[in-house]
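What follows is one structure encoded as structure tokens, with my remarks underneath.
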Amino acid sequence: MKIKKYSLSLITLAIVAPQVLAETTSQAELNAIEVKEKLAATTGYIPVYTTVGTKTLTSLARTPFSINVVSDDLMHDQAVRSVTDSVAYTSGMMGGYRGNNSLIEISIRGIGNKSDGSTIPTYLNGSRYQTAFEIDPFFLESINVIKGPNSILYGQANPGGVMDIITKKAGSNPHRHLQFVVGNHQRYQIGLDIEENLSNTLSARLIGQLERTNWNTQFVKEKGGAFAPSILWKPTTNTELNVYAYYAKNRKPVIVTFYRKKERLIA
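All the letters of the sequence shown, read from the start, carry residue numbers -22 to -1, 1 to 245 under mature numbering (1 follows the signal peptide of the UniProt record, and there is no 0).
Put into structure tokens, the structure is as follows:
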């Protein structure tokens, strides 16, 4: 009789135990896990990650180079009008010594790619760019500057450094932005930035701008516009194709001399 009672108790325990275990598991609460994407840290006033130093997404704190990143938020709040104005507060850089013109004339650490050190090697999205054609900051995502001899990462350069201009492109971030600017010298400017998701894997972005300004020089006006469409196709999380273009028609004079003062200087 004792063996039978013991066997009956064992069977009862085996049947009840899974039910108790199931109830305990359903009531358990797991701690929340927060996942942060590195690409989100490339925006803001001071981006944490950049590709300018190693051509891969790397933390600035772990990159042993002298790197400066001028973000879109900073350019927007400073209301800059040119690439030269955008790097005015970057250490070791100087530009715009001939006043407002259509050239990107910047020197870094006193060195440029011309004999007079007027500008530095400039890249657009990683490809060599002709500095005679200026791009309005409204179309820019960031301006990356790498100083010193480490600029050889981009090929033949000078000891001063190089500058890589990154334009705005489609990035699966739907938004609508309208800009209207009125300033002195009869300046009128309107800009439009629209991005939409066409499907789960396809998104498109269109940026456009029109501007008209009278210069200090008599009978000289600046007027024109530009637009930059882009399409992003991302079939998988590890594969994406971004096609973009930029077209500009801007009647802007080139000032290659210095203004002459009419007044006499008295010492």
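Cβ coordinates follow ideal geometry from the N, Cα and C atoms, glycine included.
Which stretch, first to last residue, makes up the beta strand (DSSP E) that contains residue i?
{"i": "S49", "result": "S44 to S49"}
{"i": "T217", "result": "T217 to Y222"}
{"i": "K33", "result": "Here K33 belongs to no beta strand (DSSP E), and DSSP marks it neither H nor E."}
{"i": "R229", "result": "Y225 to R229"}
{"i": "residue 278", "result": "Residue 278 falls outside the range modelled here, since the chain spans only -22 to 245, and no answer is possible."}
{"i": "G73", "result": "M71 to G73"}
Going by CA-CA distance only, name the one from the options that's closest to residue i.
{"i": "Q167", "options": "P127, N220 and N228", "result": "N228"}
{"i": "G133", "options": "Q157, L188 and G104", "result": "G104"}
{"i": "V140", "options": "A110, I185 and P99", "result": "P99"}
{"i": "R154", "options": "H163, S177, I185 and V160", "result": "I185"}
{"i": "H163", "options": "N122, K201 and N9", "result": "K201"}
{"i": "S60", "options": "F116, Y23 and A135", "result": "F116"}
{"i": "K125", "options": "S85, F158, L52 and L156", "result": "S85"}
{"i": "G149", "options": "L131, I172 and L156", "result": "I172"}
{"i": "S208", "options": "T214, V221 and T215", "result": "V221"}
{"i": "Q157", "options": "Y224, L170 and E112", "result": "L170"}
{"i": "L81", "options": "K212, T62 and T68", "result": "T62"}
{"i": "P137", "options": "T145, K147, G70 and F111", "result": "G70"}
{"i": "D50", "options": "G73, M72, P25 and P213", "result": "P25"}
{"i": "G74", "options": "N122, E112, K212 and Y23", "result": "E112"}
{"i": "P127", "options": "N151, Y101, R87 and L118", "result": "R87"}
{"i": "K147", "options": "V48, S181 and T29", "result": "S181"}
Tell me residue i's beta-bridge partners as DSSP assigns them.
{"i": "Q167", "result": "V159 and E189"}
{"i": "T214", "result": "T217"}
{"i": "E173", "result": "H153 and R183"}
{"i": "T28", "result": "T36"}
{"i": "A10", "result": "None, per the DSSP bridge assignment."}
{"i": "A206", "result": "I185"}
Would residue i pass as an interface residue toward chain B - the criterion being a Cβ-Cβ separation below 8 angstroms?
{"i": "T214", "result": "No chain B is part of this structure, which consists of one protein chain only."}
Whole angstroms are fine: how far does the CA of residue j sit from the CA of residue i?
{"i": "G203", "j": "S120", "result": "21 angstroms"}
{"i": "Q187", "j": "F205", "result": "6 angstroms"}
{"i": "N192", "j": "K199", "result": "4 angstroms"}
{"i": "S37", "j": "I143", "result": "19 angstroms"}
{"i": "Y27", "j": "L35", "result": "6 angstroms"}
{"i": "A57", "j": "V65", "result": "12 angstroms"}
{"i": "E83", "j": "T109", "result": "7 angstroms"}
{"i": "A226", "j": "E7", "result": "57 angstroms"}
{"i": "H54", "j": "E189", "result": "17 angstroms"}
{"i": "G31", "j": "P42", "result": "8 angstroms"}
{"i": "R183", "j": "E174", "result": "7 angstroms"}
{"i": "R165", "j": "D114", "result": "15 angstroms"}
{"i": "L(-2)", "j": "N9", "result": "Low per-residue confidence applies at L(-2): pLDDT is 48, beneath 50, and the placement is therefore not dependable, though the value from the model is reported in the following sentence. The straight-line gap from Cα to Cα measures roughly 20 angstroms."}
{"i": "T215", "j": "L176", "result": "17 angstroms"}
{"i": "K33", "j": "T97", "result": "23 angstroms"}
{"i": "Y224", "j": "I130", "result": "27 angstroms"}
{"i": "N46", "j": "M72", "result": "14 angstroms"}
{"i": "T145", "j": "R106", "result": "14 angstroms"}
{"i": "A18", "j": "L219", "result": "Residue confidence is low: A18 scores 48 on pLDDT, short of 50, so the model does not pin down where it sits. No coordinate-derived value is stated."}
{"i": "L102", "j": "V123", "result": "12 angstroms"}
{"i": "G161", "j": "N151", "result": "31 angstroms"}
{"i": "K212", "j": "T179", "result": "5 angstroms"}
{"i": "L118", "j": "Y23", "result": "14 angstroms"}
Output the boundary residues of the alpha helix (DSSP H) element that contains residue i.
{"i": "L62", "result": "Before going on, a small fix: residue 62 reads as Thr here, not Leu. Here the alpha helix (DSSP H) through T62 covers V61 to S64."}
Unbroken beta strand (DSSP E) runs of length 3 or more, entirely within the region 92 to 151: which are they? Complete beta strand (DSSP E) runs here, min 3: 100 to 102, 118 to 125 and 139 to 145.
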